[in-house]
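These notes are about the structure you will find just below.
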Amino acid sequence: MDRVLIIGGGVGGTIVANLVSRKLKHEIDTGQASVTVIDKLGNHVYQPGFMYITFGNEKPSNLSRPERSLLDARVQLVVSEVQRVHEDTHQVELENGEMLGYEHLVLATGARIVPEEIKHFDTQAHHFYTADAAQKLRDALDAFKGGQIVVAIAGMPYKCPPAPLEVSFLIEAELRERGLRDKSEVHFCSPIGRAFTIETVSEMATPVLEQKGIELHTFFNVETIDAERKVVQSLEGEELPYDLLILVPPHKGQQFLIDSGLAPAPGGWLPTDHHTLQVGGRTNVYALGDATDLPLSKAGSTAHFEAPIVAERIAAAVAGRDPDVKHGNYTGQVMCFFEIGDGKGTLLRFDYDHPPHPPKPNRVWHLGKILFNKTYWHTVPRGRV
Ligand SMILES: Cc1cc2nc3c(=O)[nH]c(=O)nc-3n(C[C@H](O)[C@H](O)[C@H](O)COP(=O)(O)OP(=O)(O)OC[C@H]3O[C@@H](n4cnc5c(N)ncnc54)[C@H](O)[C@@H]3O)c2cc1C
Numbered sequence: 001m002d003r004v005l006i007i008g009g010g011v012g013g014t015i016v017a018n019l020v021s022r023k024l025k026h027e028i029d030t031g032q033a034s035v036t037v038i039d040k041l042g043n044h045v046y047q048p049g050f051m052y053i054t055f056g057n058e059k060p061s062n063l064s065r066p067e068r069s070l071l072d073a074r075v076q077l078v079v080s081e082v083q084r085v086h087e088d089t090h091q092v093e094l095e096n097g098e099m100l101g102y103e104h105l106v107l108a109t110g111a112r113i114v115p116e117e118i119k120h121f122d123t124q125a126h127h128f129y130t131a132d133a134a135q136k137l138r139d140a141l142d143a144f145k146g147g148q149i150v151v152a153i154a155g156m157p158y159k160c161p162p163a164p165l166e167v168s169f170l171i172e173a174e175l176r177e178r179g180l181r182d183k184s185e186v187h188f189c190s191p192i193g194r195a196f197t198i199e200t201v202s203e204m205a206t207p208v209l210e211q212k213g214i215e216l217h218t219f220f221n222v223e224t225i226d227a228e229r230k231v232v233q234s235l236e237g238e239e240l241p242y243d244l245l246i247l248v249p250p251h252k253g254q255q256f257l258i259d260s261g262l263a264p265a266p267g268g269w270l271p272t273d274h275h276t277l278q279v280g281g282r283t284n285v286y287a288l289g290d291a292t293d294l295p296l297s298k299a300g301s302t303a304h305f306e307a308p309i310v311a312e313r314i315a316a317a318v319a320g321r322d323p324d325v326k327h328g329n330y331t332g333q334v335m336c337f338f339e340i341g342d343g344k345g346t347l348l349r350f351d352y353d354h355p356p357h358p359p360k361p362n363r364v365w366h367l368g369k370i371l372f373n374k375t376y377w378h379t380v381p382r383g384r385v
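In case it helps, my numbering puts the sequence shown at residues 1 to 385.
Written as structure tokens, this is what we have:
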């Protein structure tokens with residue numbers, strides 16, 4: 001019996017489950033294999049929609065669906081929080097103490113945000129990394145009548161690298177629409193020496209920042225918030241006063257991965273092979289999506305492109321054959337839409353060897369992102385695209 005256990009029913013885990021179950025249809029139907037997803041929520045959340053709660057009248061209820069409704073009938077679902085992986089016995093321990101055995105393990109547990117690591121974050125800073133926080137930011141923007149807005153990053157790596165730039169662009173456009181632009185300043189702080197980690201994207205984004213009058217602060221790694229003076233301070237010694245502070249919260253991997261000896265502290269990112277997606281040299285443990293330490297965007301699209309590789313490798317292992325050379329090796333493919341504001345967007349498409357060359361911002365890529373958001377539930381998690 002080949003038991004495939006997938007921890008995490010987000011983008012990566014759900015696609016892998018559906019693809020593997022299709023590949024192992026015969027084995028599952030004849031009792032030679034099983035595919036199980038364990039998820040602590042039992043709901044699949046479409047996180048890119050959070051930004052549209054702040055800027056596009058999106059409703060939180062549209063961004064979550066029961067995980068069961070997205071899984072192939074052959075996939076079993078267990079709703080429980082995994083406490084630990086016991087590698088010595090090839091078992092996963094659930095919150096009620098139950099143990100589930102595996103021959104093939106997939107770690108698709110995403111990232112968690114830890115705003116509490118920055119003192120005063122909870123009372124001083126807004127963010128858009130949960131549905132609730134995105135709604136509170138919307139309320140704060142509605143109440144904003146002019147002043148200084150600071151958008152900054154409180155820890156690397158974080159989900160969806162373009163998001164803080166997108167938010168800066170969208171806020172600037174909104175302020176113009178509401179007649180508040182003359183009374184406001186928008187500051188974007190980047191932790192590195194340019195606007196974005198990838199040079200070609202920086203070359204696209206920097207003139208847009210200039211043209212929109214958004215002030216760029218480089219080498220600004222958020223260290224502390226002085227709540228009394230309403231000032232955010234960087235590790236590098238710069239201070240910026242704010243009326244509205246928007247921070248990307250620090251992110252970490254899941255604690256149980258550290259406790260299980262699978263990921264190093266303090267970050268908790270899984271050491272993942274760039275091409276096979278195997279974890280720490282193990283041949284039957286895979287990672288994908290935000291949980292990995294790969295030098296790539298933590299993005300749903302990364303998980304989307306990685307899932308077929310994990311599925312092919314597991315199917316090959318079950319069949320006792322070598323994985324297909326083309327479909328069993330990840331090349332670092334990522335594709336992200338990028339909002340610029342004023343109904344325009346661009347596209348970042350790249351892999352390990354080819355940096356992105358974003359097209360000039362236009363309406364098509366903005367509409368592409370909106371269309372993707374609308375069709376997501378019918379396509380991506382089901383493994384149909
Ligand atoms: C505001 C925002 C905007 C974004 N915009 C984009 C975008 O435009 N394009 C893009 O490609 N990506 C975007 N992303 C990123 C994208 O949402 C994530 O990269 C993607 O969800 C990662 O997929 P994943 O499967 O790795 O993790 P997730 O989708 O986060 O799923 C992880 C799953 O693991 C489960 N889990 C965790 N721990 C346990 C445990 N101990 N036991 C059981 N289950 C557990 C969770 O319940 C969850 O269901 C955005 C994210 C945010 C927050």
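Ideal Cβ positions, reconstructed from N, Cα and C, are used throughout, including at glycine.
heavy atom of ligand 1 below 6 Å from residue i C-beta
{"i": "K25", "result": "no"}
{"i": "Y129", "result": "yes"}
{"i": "F50", "result": "yes"}
{"i": "S301", "result": "yes"}
{"i": "A311", "result": "no"}
{"i": "L105", "result": "no"}
{"i": "T109", "result": "yes"}
{"i": "F256", "result": "yes"}
{"i": "D39", "result": "yes"}
{"i": "C189", "result": "no"}
{"i": "Q91", "result": "no"}
{"i": "D290", "result": "yes"}
{"i": "E81", "result": "yes"}
{"i": "K159", "result": "yes"}
{"i": "K298", "result": "yes"}
{"i": "G368", "result": "no"}
{"i": "Q76", "result": "no"}
{"i": "A163", "result": "yes"}
{"i": "V85", "result": "no"}
{"i": "V387", "result": "Here the chain has residues from 1 to 385 only, and residue 387 is not among them."}
{"i": "V11", "result": "yes"}
{"i": "Q148", "result": "no"}
{"i": "Q32", "result": "no"}
{"i": "Q386", "result": "The displayed coordinates of the chain run from 1 to 385. Any statement about residue 386 would go beyond what the structure contains."}
{"i": "H261", "result": "One point to set straight first is that residue 261 is Gly, not His, in the sequence displayed. Not under cutoff, so the answer is no."}
Chain-order list of residues whose beta-carbon lies under 6 Å from that of residue i (same chain, five-residue window excluded)
{"i": "I246", "result": "H126 and V151"}
{"i": "A133", "result": "H127"}
{"i": "F188", "result": "V151, S168, I214 and L216"}
{"i": "D2", "result": "A33, E103 and V318"}
{"i": "E185", "result": "Q148"}
{"i": "G383", "result": "I15, N18 and L19"}
{"i": "Q91", "result": "M99 and G101"}
{"i": "E174", "result": "none"}
Beta-carbon separation (whole angstroms), residue i vs residue j, contact threshold 8 Å
{"i": "I153", "j": "V85", "result": "In fact, because the Cβ distance is near 31 Å, the residues do not count as touching under 8 Å."}
{"i": "I15", "j": "V279", "result": "Contact doesn't hold; Cβ gap of about 18 Å is too wide."}
{"i": "P266", "j": "F121", "result": "No, P266 and F121 are not in contact; Cβ-Cβ is about 18 Å, not under 8 Å."}
{"i": "P48", "j": "N362", "result": "Not really, about 20 Å apart at Cβ, beyond 8 Å."}
{"i": "K298", "j": "P157", "result": "6 Å"}
{"i": "V285", "j": "L105", "result": "5 Å"}
{"i": "L63", "j": "V45", "result": "6 Å"}
{"i": "G289", "j": "A311", "result": "With 8 Å as the limit, G289 and A311 do not qualify as a contact, their Cβ atoms being about 14 Å apart."}
{"i": "T109", "j": "Q254", "result": "5 Å"}
Residues that DSSP places opposite residue i in a beta bridge
{"i": "E185", "result": "Q148"}
{"i": "T346", "result": "F338"}
{"i": "P241", "result": "V231"}
{"i": "V78", "result": "I38"}
{"i": "P66", "result": "N43"}
{"i": "R321", "result": "BP columns for R321 are empty, so no partner."}
{"i": "R84", "result": "E93"}
{"i": "A287", "result": "L107"}
{"i": "E215", "result": "H187"}
{"i": "V4", "result": "V35 and H104"}
{"i": "Q278", "result": "Y286"}
{"i": "N362", "result": "G345"}
Close Cβ partners of residue i (< 7 Å) along its chain, the five nearest in sequence each way excluded
{"i": "T197", "result": "P161"}
{"i": "D226", "result": "Q233"}
{"i": "K369", "result": "F337, E339 and G345"}
{"i": "L296", "result": "T302, G332 and V334"}
{"i": "M204", "result": "T346 and P358"}
{"i": "R349", "result": "M335 and P356"}
Beta-carbon proximity list for residue i, same chain, < 8 Å, skipping 5 on both sides
{"i": "L94", "result": "I38, V78, S80, E81, V82, Q83 and L100"}
{"i": "Y330", "result": "H274, H275, T276, L277, F305, E306 and I309"}
{"i": "S260", "result": "R84, V85, H86 and E87"}
{"i": "W365", "result": "F337, F338, K344, G345, T346, L347 and P359"}
Is the region 170–183 close to the region 254–264, with three or more CB pairs under 8 Å? Verdict: no, contact absent.
Is it a yes or a no for the region 51–61 touching the region 136–149, going by three-plus beta-carbon pairs under 8 Å? Here the region 51–61 makes contact with the region 136–149; the two share three or more CB pairs at distances below 8 Å.
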